Each structure stands twice: as structure tokens, then as C-alpha cells.
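Everything below concerns the one structure shown next.
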Amino acid sequence: MVAVVVPAAYALSRDEGWIGRLIERSMALGFLIPGFAALVPTVLLAISLGLYQTRTFLVLYYVGTSIPLAVVLLTQYMRAIPRELDDSARLDGAGPLQALARIYLPLAMPAVSTVLLLNFINIWNEYLIALVVAGPSADIRTAQVALPTLVTNVSAQYGLLTAGTVITLLPVYAAYLLLRRRMEDALLSGALKG
1 MVAVVVPAAY
11 ALSRDEGWIG
21 RLIERSMALG
31 FLIPGFAALV
41 PTVLLAISLG
51 LYQTRTFLVL
61 YYVGTSIPLA
71 VVLLTQYMRA
81 IPRELDDSAR
91 LDGAGPLQAL
101 ARIYLPLAMP
111 AVSTVLLLNF
121 INIWNEYLIA
131 LVVAGPSADI
141 RTAQVALPTL
151 VTNVSAQYGL
161 LTAGTVITLL
171 PVYAAYLLLR
181 RRMEDALLSG
191 ALKG
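Structure representation (C-alpha cells):
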């Protein structure tokens, strides 16, 4: 996802025309539609593609729905990077891709880390689409969908349920600990500008 989002955000942040603004605004509309509002069309799409009750569709859905927020956040962050760096890179003989890889990507790493963490948490905690698309198939359920199946009308396996809950929390804590410093840098970078 990052390989698609970062170049798109760079291009949109450097575009001054109305087409770039239109693309950015349409991306913003994309993440304003809640998942449950698009549930029926999403399931119909999965069925028509022959990907209903498959992990492939879940992966495609999660990547596709996380791109708009990532593009909008990174575009806004890259707009704050001075345009003089473009001129300096051009004078040094760097093309747009070299400027992106050597200048903008290192400067935007706090924002990239924030986007990665936000998308990871959103995807990890997503329940409704995973429940509906996975259907009764136990082998493609996500952890959040599988945990409630440990509770029945007759009994609940509390030890197993508690262990499962702790195990599902560990990846979120690990991701936060890995990306915490860069995320804090991204959040505080706008607070110090005048």
C-alpha cells in the first residue's frame, strides 16, 4: 500500500491545478462513507467477482479502503514540506522519483508511520465486513470474528476467551511501540510551526 500511496500523495501535494484538488477531494469522500453503508454493495461485488468467503477479497477490501485516508493525510503532510527542496533537487540533477525517494520520503516518515499505525488498527479491529464476507467458513475468520464464537448460549470458555483477547491485543501494542516515536513526531510537527 505504501508503494502506491506515497507517490500519489507526492504528486497531489505538488500539483497546483484543479484536477489534483478534485482527486484529493474525491479521496476524502472515499473515507467518509462508513463500512456498514457500503456493506450490501461490497458483498455483491465479492459474489460477482467470485471472491465471496475468501481471504483474497478481505485483503483487497482492506487495502482499497485504507488508501483514501492514507493519501489525504500524506498529501497534507507533504504540502508542508517547502517547495524550495524541489528546486534544490532539480539543480542537483535529481528527477521527481529521486527527489521523492531521497528527500521527501525521509522527511515524511513520521506521517508514513502514523498512516501505517492508523490503518493497521482500523484493519485489525474491523469486524462487520470480515463477519459478513467470511460467512460460516471458520478457516478465513479474522481473530475479532472468531473470538465471539467461544461464547455459546449454554457455556463460555472464559480461560480460552481471555487468552484469545490478550493475544489479539498484542499485535496492536507491538505496532504502537514500534511506531510510537515517529507518530508523536508527526503529531507534534504541526504544533511548533508559526
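In full-length UniProt numbering, the protein residues as written are 1 to 194.
For each residue, glycine too, the CB sits at the ideal point set by N, CA and C.
Predicted, not measured: the structure shown is a model, and the values here were computed from it.
Assuming residue 179 and residue 113 make a contact with CB atoms under 8 Å, what is their CB distance in whole Å? Confirmed, Cβ separation roughly 4 Å.
Residue 8 to residue 137 span [Cα, whole Å]: Each residue's Cα considered, the two are about 36 Å apart.
Are there 16 or more other CB atoms within 10 angstroms of the CB of residue 91, so buried, or fewer, so exposed? The residue in question, residue 91, is exposed, as its Cβ has fewer than 16 Cβ neighbours within 10 Å.
Enumerate in chain order the residues of its own chain whose CB-to-CB distance from residue 62 is below 6 Å, with the five nearest sequence positions on each side excluded. Taking residue 62 as the centre and dropping the five residues before and after it, the same chain places the C-beta of 123 closer than 6 Å to its C-beta, in chain order.
Compare the C-alpha of residue 125 against each of 109, 135, 142 and name the closest. Here the closest residue by C-alpha is 142.
Under the assumption that residue 78 contacts residue 173 (Cβ atoms under 8 Å), give the Cβ distance between them as a whole number of angstroms. Not really, about 29 Å apart at Cβ, beyond 8 Å.
Below 8 Å on the Cβ atoms is my contact criterion, and I expect residue 73 with residue 111 to pass it. Report the Cβ-Cβ distance as a whole number of Å. That pair is a contact at about 6 Å.
Classify residue 119 as buried or exposed, calling it buried when 16 or more other Cβ atoms lie within 10 Å of its own Cβ. Buried: at least 16 other Cβ atoms inside 10 Å.
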